[in-house]
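Below you'll find the structure, written out as structure tokens, and then a few comments.
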Amino acid sequence: MKKRKNILWLIVALTLFSVYVDLPAKLNLGKEISFAGLNFEIGSIIFTRPVDIKKGLDLQGGTHLVFSADMSGVEAQNKNEALKASQTNIEKRVNYFGVSEAVVQTSKTENDFRLVVELPGVTDVNQAIDLIGKTAQLEFRTENPDQKTATESGEYFLKTDLTGRDLKRSFIDFDQNTGEQVVGLEFNSEGAKKFGEITAQNVGKMVAIYLDGLPVSIPKVEEAITGGNAVIRGSFDSKSAKQLSIQLNAGALPVPIKLIEQRNIGASLGKESVQKSVRAGLIGLLMVVAFMWAYYGKLGFLADLALINYGLITLALYKLIPVTLTLPGIAGFLLSVGMAVDANILIFERMKEERRMGKPVNIAMELGFGRAWDSIRDANVCTLITAFILFNPFNWTFLNVSGMVRGFALTLALGIAVSLFTGIVVTRTLIRVFYKE
Amino acid sequence: MRFKWLYFLISALVIIPGVFSLIKWGLRPSVDFTGGTILELEFKEKSQTQDAMRDTLNELKIDYSSIQTSGEKRILIKTKSITREDVSSIIGTLAEKVGEKPSELRFDTVGPTLGKELIKKTFFAVLLGAGFILLYVWKQFKQPMYGVCAILAMFHDSLVLLGVFSLLGHFRGVEIDTLFVTAVLTILSFSVHDTVVVYDRIRESTKKFSDFSFADLTDKAVTETLPRSINNSMTIILMLLALYLLGGSTIRWFVFALLIGTVSGTYSSTFVAAPLLVVWEQLKRKKKS
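Those sequence lines, one after another, are chains A and B.
Position one of the first sequence corresponds to residue 1442 (my numbering), numbered consecutively onward.
Position one of the second sequence corresponds to residue 405 (my numbering), numbered consecutively onward.
Right under this line is the structure:
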């Protein structure tokens, strides 16, 4: 009996915590109440309450772009690096454009290389597309010998004929003497010649490397380099070395990209669908609650409590993980509500049968839970298998990697996990503690 | 299980027109699959804008496949792939004709290559999912027939769904999009979920009452699980009905697909999946004797 009370308290605590996480930043109940600052500290751990649920593009409006990368000019072994470089470069440009929470993803299918860009809340799409669609331009510039004009015009460095086209690739390396991280450059024969001339003329001076008109590295030339292989030294850690090498690769392995898909969702349409669907979902939920109460009486009422518990916990998980909520995601959630109720219906029907055979309530209840478990387990494992394949966690290329389908799979799987807990543990505890005939 | 042929007949009556329609007319793919553009505009005041839109598109020489109103003051057009500049000129020309500049609600442009890929991938996903479920059910129930029949019932439901949407596509112009694909996958998992519950009862009864015939056992199991099946589906149907009637317009057909699937899934687990087991068992016995 003591143990049961403990589980009950645990459930109450979990529910309160969920409510705490679920509270919106502001609530308007005649008077505006703010919950924004409800963060707390335990020792050195600071818990910051997540305020909003992350909404997908279809809910908040924005632009979804898919670019196809033309890899015809890139050697086979460099293709992955080129795609990565292109992705990083686009991320940089998008950040420069000032879009918050933009997502840039790569996707590969056989010989098709793609870049998926999601820009929430962007209205001037044309400008964004122009900016993203440009091929990266890498340039090597030398010091402006005329200091006076340099300060006047701001042109401290002058363009040379050495560009990204002359660079074969860039990579991370270690200095054999010092063990320091360095960034290596490998030029093609044309580039080696040009680079040799430039370095010979600029010993002791700076050579600046520009990507899309902005300097990414300004190393000093120590000696003339004619072999076509150079290294950039500096106090790199592995992260900064990697970043520079990726940026240089974006110029060295230029990949022209072409827009193949564009979806623009007006924020108002998204908002409208959300409002309507959420309202509809709530009404649906109320109908389910009423149905359970009407059909199963007191038991149904306890199951309803568990169901409300389910809703609170799931919402809290969405905020904590965080799950990006999309329309299919909401559908996944609603479907899992159905399955959460299913577990209870299965159990209650079993209980009824046991009662009909003349067993006392408490024994019928325990038997009902035990007997129903087999079918609940098998049925839910099958649904989990489907959710797993749809989510495609290993990024298998022969399966879908679309964000929409994934969002759905994730909410479905989460819903099943939580529903097993609330449908079985919570309902059982509630019945054990509160149900008397 | 005396009426099993009747149950199969009912299924056939639903499936055959659908399959006929699938073969004859196929499905009506949306731009998600074919490539093209959907543009939805909203006016604040004007409501009769189709004619103006038709003139505009003709003037600009843009091929369109449909112009429809969606909601009172909204207009939705489907064209071949057009660019952003085209959209600006459509809005400009239209504003001149109508006297009010509409705001853009939605602009989707999809290259046609994506669609084929999506179909291929979904097909793989279904096959893989079916394979795994077959193995799991087979293992849990120790006999291959449970796995195979569960999968057959699952394909029954997808055929019903595809058939209904093929008919809807032909007669009502309903298109299938990526959301529809998601709905099909959901229904597949719901179908198996429901079937497994019925099978579980058969498994349990087989252990308890070994002197009954298999058909009688199945009969008993089906009768016992029927209230649960109906109650459970009722809760899901209530939910979906609320969404269908009150939810946003973008998910209406998605919800409708789920509704059809839920009804079919409930029917199939009791009246297809279970009778199939009985038929399988009878065939096995005939083979032996």
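Note that the Cβ used here is the ideal one computed from N, Cα and C, for glycine as well.
Inset, instruction - Could you give the DSSP three-state label for residue 1495 of chain A: helix, strand or coil? - result: For this step, residue 1495 of chain A is matched to residue 54 along the first sequence. The answer is coil: DSSP assigns residue 1495 of chain A none of H, G, I, E or B.
Inset, instruction - Answer yes if the stretch 1806-1814 of chain A comes into contact with the stretch 1782-1792 of chain A, meaning at least three C-beta pairs across the two stretches below 8 Å, and no otherwise. - result: Cβ pair count under 8 Å is three or more, so yes.
Inset, instruction - Using beta-carbon positions only, say whether residue 467 of chain B and residue 450 of chain B come within less than 8 Å of one another. - result: In the second sequence, counting from the first residue as 1, residue 467 of chain B sits at position 63. In the second sequence, counting from the first residue as 1, residue 450 of chain B sits at position 46. The Cβ atoms of residue 467 of chain B and residue 450 of chain B lie no closer than 8 Å to each other.
Inset, instruction - State buried or exposed for residue 367 of chain B, treating a residue as buried only when at least 16 other CB atoms are found within 10 Å of its CB. - result: This structure cannot settle anything about residue 367 of chain B, because the visible part of chain B is limited to 405 through 693.
Inset, instruction - Reducing DSSP to helix, strand and coil, say where residue 1761 of chain A ends up. - result: The sequence position of residue 1761 of chain A within the first sequence is 320, counting from 1. Three-state DSSP puts residue 1761 of chain A in a helix.
Inset, instruction - Would you mind stating whether residue 1598 of chain A and residue 1582 of chain A have Cβ atoms separated by less than 8 Å? - result: On the first sequence, residue 1598 of chain A is found 157 positions in, with the first residue counted as 1. On the first sequence, residue 1582 of chain A is found 141 positions in, with the first residue counted as 1. Yes, Cβ-Cβ distance for residue 1598 of chain A and residue 1582 of chain A is below 8 Å.
Inset, instruction - Would you mind stating whether residue 1658 of chain A and residue 1700 of chain A have Cβ atoms separated by less than 8 Å? - result: Here residue 1658 of chain A refers to the residue found at position 217 when the first sequence is read from its first residue. Here residue 1700 of chain A refers to the residue found at position 259 when the first sequence is read from its first residue. Result no, Cβ atoms of residue 1658 of chain A and residue 1700 of chain A do not sit closer than 8 Å.
Inset, instruction - Using only the heavy atoms of the ligand FAD, determine whether one of them is closer than 7 Å to the beta carbon of residue 1548 of chain A. - result: Summarising the ligand content, the structure contains no ligands, and the ligand FAD is consequently not present.
Legend entry - Alpha carbon of residue 1820 of chain A to alpha carbon of residue 556 of chain B, nearest angstrom: For the purposes of this step, residue 1820 of chain A is taken as residue 379 along the first sequence, with counting starting at 1. For the purposes of this step, residue 556 of chain B is taken as residue 152 along the second sequence, with counting starting at 1. Going from the Cα of residue 1820 of chain A to the Cα of residue 556 of chain B covers about 16 Å.
Inset, instruction - Indicate whether at least one CB of chain A lies closer than 8 Å to the CB of residue 457 of chain B. - result: Position 53 of the second sequence, counting from 1, holds the residue named residue 457 of chain B. No, residue 457 of chain B lies away from the interface with chain A (no Cβ there is under 8 Å from its Cβ).
Legend entry - In DSSP terms, what residue 1580 of chain A is bridged to: Against the first sequence, residue 1580 of chain A aligns to sequence position 139. According to DSSP, which records beta bridges pairwise, residue 1580 of chain A is partnered with A/1604, A/1651.
Legend entry - CB contact below 8 Å: residue 467 of chain B versus chain A: Here residue 467 of chain B refers to the residue found at position 63 of the second sequence. Contact of residue 467 of chain B with chain A is not assigned, every C-beta pair being separated by 8 Å or more.
Inset, instruction - List in chain order: all unbroken alpha helix (DSSP H) runs of 4+ residues lying wholly within the stretch 1805-1872 of chain A. - result: Entirely contained in the stretch 1805-1872 of chain A, the alpha helix (DSSP H) runs reaching 4 residues are, in chain order, 1844-1861.
Legend entry - CB of residue 429 of chain B within 8 Å of CB of residue 562 of chain B, strictly: Here residue 429 of chain B is taken as the residue at index 25 of the second sequence, counted from 1. Here residue 562 of chain B is taken as the residue at index 158 of the second sequence, counted from 1. It is not a contact, given that the beta carbons lie outside the stated cut-off.
Legend entry - Residues, ordered as in the chain, of the stretch 568-601 of chain B that lie near chain A by beta-carbon distance below 9 Å: Cβ contacts with chain A come from 582, 583, 585, 586, 587, 589, 590, 592, 593, 594, 596, 597, 598, 599, 600, 601.
Legend entry - Top-ranked residue by Cα proximity to residue 490 of chain B, from B/528, B/525, B/443: Taking the second sequence and counting its residues from 1, one reaches residue 490 of chain B at position 86. It is B/443 whose Cα lies nearest to the Cα of residue 490 of chain B.
Inset, instruction - Give me the Cα-Cα distance between residue 1633 of chain A and residue 1656 of chain A, rounded to the nearest whole angstrom. - result: Your numbering for residue 1633 of chain A matches position 192 in the first sequence. Your numbering for residue 1656 of chain A matches position 215 in the first sequence. Between residue 1633 of chain A and residue 1656 of chain A, the C-alpha separation is close to 21 Å.
Legend entry - Cβ-Cβ distance between residue 1719 of chain A and residue 1748 of chain A below 8 Å: The residue given as residue 1719 of chain A occupies position 278 in the first sequence. The residue given as residue 1748 of chain A occupies position 307 in the first sequence. Inclusion of residue 1719 of chain A and residue 1748 of chain A in the CB contact set at 8 Å is not warranted, their separation being larger than that value.
Inset, instruction - Kindly indicate if chain A contains any beta-carbon less than 8 Å away from that of residue 544 of chain B. - result: What you label residue 544 of chain B is simply residue 140 of the second sequence in a count that begins at 1. Taking Cβ atoms only, chain A reaches closer than 8 Å to residue 544 of chain B, which makes this a yes.
Legend entry - Neighbourhood of residue 441 of chain B by C-beta distance below 6 Å, restricted to the same chain and skipping five residues each side: Here residue 441 of chain B refers to the residue found at position 37 when the second sequence is read from its first residue. Once the five neighbours on either side are set aside, the close Cβ partners of residue 441 of chain B are 483, 485, 486, 513.
Legend entry - Proximity to residue 1827 of chain A [Cα-Cα], best of B/445, B/425, B/532: Here residue 1827 of chain A is taken as the residue at index 386 of the first sequence, counted from 1. Per the Cα distances, B/532.
Legend entry - Assumed close pair residue 464 of chain B, residue 507 of chain B - CB separation to whole angstroms, cut-off 8 Å: Position 60 of the second sequence, counted from the first residue, corresponds to residue 464 of chain B. Position 103 of the second sequence, counted from the first residue, corresponds to residue 507 of chain B. In fact, because the Cβ distance is near 19 Å, the residues do not count as touching under 8 Å.
Legend entry - Paired residues, beta bridge with residue 1593 of chain A - DSSP: Residue 1593 of chain A sits at position 152 when you count from the first residue of the first sequence. Answer by DSSP bridge pairing: none, since residue 1593 of chain A is not bridged.
Inset, instruction - Would you tell me roughly how many angstroms separate the C-alpha atoms of residue 1857 of chain A and residue 1804 of chain A, rounded to the nearest one? - result: What you label residue 1857 of chain A is simply residue 416 of the first sequence in a count that begins at 1. What you label residue 1804 of chain A is simply residue 363 of the first sequence in a count that begins at 1. Going by C-alpha positions, residue 1857 of chain A is about 27 Å away from residue 1804 of chain A.
Legend entry - Span of the alpha helix (DSSP H), counted from its first residue to its last, around residue 1637 of chain A: By one-based count along the first sequence, residue 1637 of chain A stands at place 196. Run containing residue 1637 of chain A: 1630-1642, per the alpha helix (DSSP H) assignment.
Inset, instruction - Compute the distance between the beta-carbons of residue 1703 of chain A and residue 1652 of chain A, then report whether it is under 8 Å. - result: Along the first sequence, read from residue 1 onward, the residue named residue 1703 of chain A stands at position 262. Along the first sequence, read from residue 1 onward, the residue named residue 1652 of chain A stands at position 211. No, these two residues do not count as a Cβ contact at 8 Å.
Inset, instruction - Can you tell me which of the three DSSP states residue 1677 of chain A falls into? - result: Residue 1677 of chain A sits at position 236 when you count from the first residue of the first sequence. DSSP, reduced to helix, strand and coil, places residue 1677 of chain A outside both helices and strands of the structure shown, so it counts as coil.
Legend entry - Opening and closing residue of the alpha helix (DSSP H) in which residue 1775 of chain A lies: By one-based count along the first sequence, residue 1775 of chain A stands at place 334. Per DSSP, residue 1775 of chain A belongs to the alpha helix (DSSP H) from 1768-1797.
Inset, instruction - Classify residue 487 of chain B as helix, strand or coil using the three-state DSSP reduction. - result: Here residue 487 of chain B refers to the residue found at position 83 when the second sequence is read from its first residue. Residue state, collapsed to three classes: coil.
Inset, instruction - From the DSSP output, in three-state form, read off residue 631 of chain B for me. - result: Position 227 of the second sequence, counting from 1, holds the residue named residue 631 of chain B. In the structure shown, residue 631 of chain B adopts helical secondary structure according to DSSP, grouped into three states.
Inset, instruction - Hey, could you find the ends of the alpha helix (DSSP H) residue 1876 of chain A is sitting in? - result: To locate residue 1876 of chain A, count along the first sequence from 1; it is residue 435. DSSP places residue 1876 of chain A in no alpha helix (DSSP H); its state is neither H nor E.
Legend entry - Coil, strand or helix - residue 464 of chain B by DSSP: The count along the second sequence starts at 1 and reaches residue 464 of chain B at position 60. Coil at residue 464 of chain B, not helix or strand.
Inset, instruction - Helix, strand or coil for residue 1510 of chain A, going by three-state DSSP, please let me know. - result: What you label residue 1510 of chain A is simply residue 69 of the first sequence in a count that begins at 1. Correct three-state label for residue 1510 of chain A: strand.
Inset, instruction - Could you list which residues in chain C have their beta carbon closer than 7 Å to that of residue 604 of chain B, in chain order? - result: No chain C is present in this structure, whose protein chains are A and B.
Legend entry - Stretch pair the stretch 1662-1670 of chain A + the stretch 1637-1644 of chain A: three plus CB contacts closer than 8 Å: A contact exists between the stretch 1662-1670 of chain A and the stretch 1637-1644 of chain A.
Legend entry - Same chain, Cβ closer than 6 Å to residue 1614 of chain A, five either side skipped, listed in chain order: Within the first sequence, residue 1614 of chain A is the residue found at index 173, counting from 1. Apart from sequence neighbours up to five positions away, the residues of its chain that approach residue 1614 of chain A with a beta-carbon distance below 6 Å are 1623, 1625, ordered along the chain.
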